[in-house]
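In this note's numbering, the protein residues as written are 31 to 538. Note that beta-carbon positions come from the ideal geometry of N, C-alpha and C, so glycine has one too.
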């Protein structure tokens, strides 16, 4: 009988495998090998990742990066605009004090020959550059909680017919009415201080007069002298401060000159002036008080501007004893606090500023000295006979200087012809300290008495480096001790905006 081929093949295979159970064992063995191979293949990426994270070389391009901090990108500070604000120091008594700025004296110091060198104490270290802060079109941060001038606890944002309007924030815009005449000229106003009469002394440019302040969210009307006289008819206004206060007062008189000229009814020949507008029964006075508190000069030859004795706890009677009858009081102070001074409390010397070591006195920061003086000045309002000063008190904040290419005593100048942009405006360290001190004390006083108003033009004026006399505060060729005046303001000029703000605040 012939066998089937398949049957003989099967028999041969069966002979090799011997039994059916052996076939099942072989299948299980092959499946086990396949499973082991599959699991090993899946673990390869995990092993690669581990090796890349633990070794600095031979990592696949698409493997995850090692778990380390992200790299820090450093950008040169020169390629960025200055910061809006910088952290302010927490300890003011330890801050270095810069040398004093130009003397804002009652009258300019001139001479026909170069001035002899005056002895100066060793200058203290300069404050770090980080303390010079860029300010946009807004006041320093410490004023944001201060009263806007409406008294009490009002916030710093005035209201304009139901719409929020912040007079402190804004920008300088070029007046489109190019042909429109300015408020006044250097010849139409007769009370301009000689060293602020820039056009008389040859200033050639006039574009700086065409810029006007545009608050955010509203308009600041142009100064209307007729409207001003309506508001102050039968009243009186006093300015208290230094030569910048006088600068402010003279600006007001010049702005009013389009309607009326005053009669000088001053009863003394010193810096205390009084002007009377008979048609409106309105009086403007100024009381010279650069520190606001009692002071006297110790030694005229000690340093530039002399060494001053300043009683921080006693308001200056030159103004404090004379203001009872006034309706409006405009207080300001600034640069005189950078002069060499010995400070007193209760008649005893307690500290000094920019003084020699031989005096053996603790150094007191400008911030603390300035704040103490303003506190005494505001307290004096409550001591006015008859229950305290019954009128309205304006605090006009710091007027910034603009020395470029050097300090005031190193050839610094201010020859710009148009405003700087907001982010370019530099808030100098010493002025920043004075501003903070004023804002803090104003806020404190406004909580306890009515009739306090904040006339804050600091942020706006930080952009007006073009508004100073510079070399046009004296005749060309005349030798003066400080040829570049970057502290006071040309008349006419940006300082007239202060009185636009004043009129706006009086109109409320």
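Exposure of residue i, with buried meaning 16 or more beta-carbon neighbours within 10 Å
i           : result
residue 458 : buried
residue 461 : buried
residue 387 : exposed
residue 383 : buried
residue 96  : Its pLDDT being 38, under 50, residue 96 is placed unreliably by the model, and the measurement read from it follows with that caveat. That one is exposed.
residue 207 : exposed
residue 252 : exposed
residue 468 : buried
residue 471 : buried
residue 410 : buried
residue 428 : buried
residue 402 : buried
residue 463 : buried
residue 298 : exposed
residue 261 : exposed
residue 368 : buried
residue 203 : exposed
residue 233 : buried
residue 7   : The displayed coordinates of the chain run from 31 to 538. Any statement about residue 7 would go beyond what the structure contains.
residue 308 : exposed
residue 143 : Model confidence at residue 143 stands at a pLDDT of 32, short of 50, so the residue's coordinates are unreliable; what they give is reported in the following sentence. With fewer than 16 other Cβ atoms within 10 Å, it is exposed.
residue 272 : buried
residue 506 : exposed
residue 354 : exposed
Selection from the options that minimises the alpha carbon distance to residue i
i           : options            : result
residue 259 : 277, 288, 246, 248 : 288
residue 417 : 406, 480, 456, 463 : 480
residue 321 : 536, 201, 408      : 408
residue 247 : 290, 200, 522      : 200
residue 435 : 241, 516, 347, 535 : 516
residue 240 : 494, 509, 367, 452 : 494
residue 366 : 475, 424, 399      : 399
residue 414 : 455, 432, 352, 229 : 352
residue 282 : 537, 521, 538      : 521
residue 406 : 443, 363, 203      : 363
residue 606 : 341, 510, 432      : Because the chain here runs from 31 to 538, residue 606 falls outside it and cannot be looked at.
residue 393 : 370, 538, 376, 513 : 370
residue 404 : 474, 443, 509, 257 : 474
residue 223 : 274, 490, 354      : 274
residue 291 : 221, 376, 380, 507 : 221
residue 336 : 280, 390, 385, 380 : 385
residue 450 : 432, 195, 440      : 432
Distance between beta carbons of residue j and residue i, contact taken as under 8 Å
i           : j           : result
residue 503 : residue 231 : 7 Å
residue 488 : residue 524 : The Cβ separation is near 13 Å, so there is no contact.
residue 324 : residue 301 : No, residue 324 and residue 301 are not in contact; Cβ-Cβ is about 16 Å, not under 8 Å.
residue 496 : residue 213 : Contact doesn't hold; Cβ gap of about 17 Å is too wide.
residue 255 : residue 285 : 6 Å
residue 425 : residue 492 : At roughly 17 Å, the Cβ-Cβ gap does not stay under 8 Å, so residue 425 and residue 492 are not in contact.
residue 423 : residue 483 : 7 Å
residue 500 : residue 537 : Going by Cβ atoms, the distance from residue 500 to residue 537 rounds to 34 Å, so no, they are not a contact pair.
Own chain partners of residue i with C-beta closer than 8 Å, once the 5 adjacent residues on each side are dropped
i           : result
residue 263 : 310, 311, 312
residue 447 : 235, 237, 238, 496
residue 211 : none
residue 257 : 533, 537
7 Å Cβ shell around residue i - same chain, five flanking residues per side excluded
i           : result
residue 218 : 287
residue 421 : 356, 357, 358, 359, 481
residue 339 : 325, 326, 328, 372, 374
residue 197 : 188, 245, 250, 531, 534
residue 519 : 226, 277, 497, 498, 525
residue 397 : 122, 463, 466, 467
Sequence-distant residues of its chain with Cβ nearer than 6 Å to residue i (five each side left out)
i           : result
residue 270 : 317, 319, 349, 361
residue 528 : 278, 487
residue 477 : none
residue 242 : 205
residue 296 : 303, 304
residue 314 : 267, 305
residue 229 : 216
> Going along the chain, which unbroken runs of the beta strand (DSSP E) with 3 or more residues stay wholly within the stretch 362-409?
Replying inline: Whole beta strand (DSSP E) segments, 3+ residues: 371-375, 378-383.
>> So within the stretch 444-501, which uninterrupted alpha helix (DSSP H) runs reach at least 4 residues, ignoring any that extend past its ends?
In response: Segments of the alpha helix (DSSP H) lying fully in the stretch 444-501: 459-478, 488-492.
>> Could you tell me which whole beta strand (DSSP E) segments of length 3 or greater appear in the stretch 274-349?
In response: Within the stretch 274-349, the complete beta strand (DSSP E) runs of at least 3 residues are 303-307, 312-318, 323-329, 337-345.
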